[in-house]
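Chemist: The structure that follows is given in the form of structure tokens.
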Amino acid sequence: MAKKKEEKIVYVDSKGKRLDGRKQEELRPIKITAGVIPRADGSAYLEWGQNKVYAGVYGPRECLPKHSASPYKAVIKLNYRMASFSVPDRKNPRPGRREIEISKVCGEALEKAVFVERFPNTQIDVTVEIIDSDAGSRIAALTAASVALADAGIPMRDMVCGTGVGRAGGKIIVDLNKDEEDAPDAVDIPLAILPNSEEIVLLQLDGVISKKEWQEAYKVGVKASKEVYEIQKQAIKGKYAGAENETKKAKKGVEAQ
Numbered sequence: 015m016a017k018k019k020e021e022k023i024v025y026v027d028s029k030g031k032r033l034d035g036r037k038q039e040e041l042r043p044i045k046i047t048a049g050v051i052p053r054a055d056g057s058a059y060l061e062w063g064q065n066k067v068y069a070g071v072y073g074p075r076e077c078l079p080k081h082s083a084s085p086y087k088a089v090i091k092l093n094y095r096m097a098s099f100s101v102p103d104r105k106n107p108r109p110g111r112r113e114i115e116i117s118k119v120c121g122e123a124l125e126k127a128v129f130v131e132r133f134p135n136t137q138i139d140v141t142v143e144i145i146d147s148d149a150g151s152r153i154a155a156l157t158a159a160s161v162a163l164a165d166a167g168i169p170m171r172d173m174v175c176g177t178g179v180g181r182a183g184g185k186i187i188v189d190l191n192k193d194e195e196d197a198p199d200a201v202d203i204p205l206a207i208l209p210n211s212e213e214i215v216l217l218q219l220d221g222v223i224s225k226k227e228w229q230e231a232y233k234v235g236v237k238a239s240k241e242v243y244e245i246q247k248q249a250i251k252g253k254y255a256g257a258e259n260e261t262k263k264a265k266k267g268v269e270a271q
């Protein structure tokens, strides 16, 4: 009996459409809301595709333990955690190597954006909780954390923005989903920049690509990252536009009395 040939998955069709209907350079839907945690100094909630992320900022405040303080700058301590129910198979609530690694690289990326030299001997705590995880959760976490820092009013050179970029089915694509990350030739490149200077503050590579593929991936990745930046700015503007409207309503009420 002849064996059936396995159907080859086409990740990008002849019309340039991907498995989920997006174009090669198209991001998944992104929604960001600033100021969602009242007790935090700054906060944000982000939905990026299936990813759902809360970020809270506390500080600058006393550095503990004290030996971790720097007399020259503030220390950013980012804590990236995934809820045990955030993935299909229940995750161990204990922090794993991946979470520790993401906490480190995202904290270092944010240090490039913040004027840390203005707050010596202090720490800025950034807590990020992933409550629903899909592909690209580290960039989603970094995006939310950057908005939360801006919401806290901490002086920044720029916000950090980014996206995943890589290869699936021989094509360079932006913002890989889970199916694309699992492609036989998949390469995933989390990329984050300071958008105005285009300085790279986070760059990781899972796989092997050619120089030509990297040049294309970098170009489309920076372009897509700047689209994310516009959404971040709208989130901050949206919060303070809402506050301004509330103030105007209150003022009108007082005048009416």
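Per our numbering: the sequence shown = residues 15 to 271. Beta carbons are placed, not taken as given, at the ideal position from N, Cα and C, and that holds for glycine.
Taking the C-alpha atoms as reference points, what is the distance between Ala-54 and Cys-120?
Modeler: One C-alpha to the other measures close to 19 Å.
Chemist: Let me know the beta strand (DSSP E) ranges lying completely inside the stretch 38 to 91, each 3 residues or longer, listed in chain order.
Modeler: Complete beta strand (DSSP E) runs here, min 3: 44 to 48, 56 to 62 and 65 to 76.
Chemist: Helix, strand or coil for Met-96 per DSSP?
Modeler: Met-96 falls in the strand class under three-state DSSP.
Chemist: What are the boundary residues of the alpha helix (DSSP H) that Val-161 is part of?
Modeler: Where Val-161 is concerned, the enclosing alpha helix (DSSP H) stretches over 151 to 165.
Chemist: Is the beta carbon of Pro-209 closer than 8 Å to that of Lys-237?
Modeler: No, these two residues do not count as a Cβ contact at 8 Å.
Chemist: Could you give the first and the last residue of the continuous beta strand (DSSP E) run that contains Val-142?
Modeler: 136 to 146 is the span of the beta strand (DSSP E), which, as asked, contains Val-142.
Chemist: In its own chain, which residues sit with a C-beta less than 8 Å from the C-beta of Pro-247, not counting the 5 before and 5 after it?
Modeler: Sequence inspection shows Lys at residue 247; the Pro mentioned does not correspond to that position. Once the five neighbours on either side are set aside, the close Cβ partners of Lys-247 are Met-173.
Chemist: Which residues share a DSSP beta bridge with Gly-221?
Modeler: Answer is none; Gly-221 lacks a bridge partner.
Chemist: Can you have a look at Leu-205 and say buried or exposed, based on whether 16 or more other CB atoms are within 10 angstroms of its CB?
Modeler: Label assigned to Leu-205: buried.
Chemist: Tell me the residue span of the alpha helix (DSSP H) that contains Ile-114.
Modeler: Unbroken alpha helix (DSSP H) run through Ile-114: 111 to 125.
Chemist: Using CA coordinates, which residue listed in Tyr-94, Val-128 and Lys-22 is at the minimum distance from Ala-141?
Modeler: Correcting the residue identity first, residue 141 is Thr in this sequence and not Ala. Minimum Cα distance to Thr-141 is reached at Tyr-94.
Chemist: Who are the near neighbours of His-81 in its chain, counting only those whose CB is closer than 6 Å to its CB and skipping five residues on each side?
Modeler: So no residue of the chain qualifies.
Chemist: When you compare only the Cα positions, how much space is there between Gln-218 and Asp-148?
Modeler: Going by the C-alpha atoms only, they are around 18 Å apart.
Chemist: What does the alpha-carbon distance come out to for the pair Arg-272 and Pro-102?
Modeler: Because the chain spans 15 through 271 in this model, residue 272 falls outside it and cannot be assessed.
Chemist: Using only alpha-carbon positions, find the residue among Cys-175, Ile-214 and Trp-228 that is nearest to Val-201.
Modeler: Among Cys-175, Ile-214 and Trp-228, the Cα nearest to that of Val-201 belongs to Trp-228.
Chemist: Label Arg-75 either buried or exposed according to how many other C-beta atoms from any shown protein chain fall within 10 Å of its C-beta, with 16 as the threshold for buried.
Modeler: Burial call: exposed.
Chemist: Taking just the CA atoms, how far does Asp-189 sit from Gly-235?
Modeler: Answer to the nearest angstrom: the Cα atoms are 9 Å apart.
Chemist: Three Cβ pairs or more, each shorter than 8 Å: is that satisfied between the stretch 182 to 198 and the stretch 99 to 118?
Modeler: The stretch 182 to 198 vs the stretch 99 to 118: no contact.
Chemist: If I measure Cβ to Cβ from Thr-136 and keep anything under 8 Å in the same chain, skipping five residues before and after, which residues do I get?
Modeler: Here the set comprises Gly-73, Pro-74, Arg-75, Glu-76, Cys-77, Ala-83, Ala-88 and Val-89.
Chemist: Answer with buried or exposed for Met-96, where buried requires no fewer than 16 other C-beta atoms within 10 angstroms of its C-beta.
Modeler: Buried.
Chemist: Select from Ile-51, Ile-145 and Ala-166 the residue whose C-alpha is nearest the C-alpha of Lys-105.
Modeler: Among Ile-51, Ile-145 and Ala-166, the Cα nearest to that of Lys-105 is on Ile-145.
Chemist: For the alpha helix (DSSP H) containing Asp-193, name the first residue and the last one.
Modeler: First-last of the alpha helix (DSSP H) with Asp-193: 192 to 195.
Chemist: For Lys-91 and Ile-245, what's the separation of their Cα atoms in angstroms?
Modeler: Cα-Cα distance, rounded: 25 Å.
Chemist: Given a cut-off of 8 Å on the beta-carbon distance, is the pair Val-24 and Gln-38 in contact?
Modeler: Contact: no.
Chemist: Distance, Cα to Cα, Gln-64 vs Gly-150?
Modeler: Going by the C-alpha atoms only, they are around 10 Å apart.
Chemist: Can you give me the C-alpha to C-alpha distance between Lys-45 and Lys-126, rounded to a whole angstrom?
Modeler: So the alpha carbons of these two residues sit roughly 24 Å apart.
Chemist: Please state whether the Cβ-Cβ distance between Ile-187 and Arg-32 is less than 8 Å.
Modeler: Yes.
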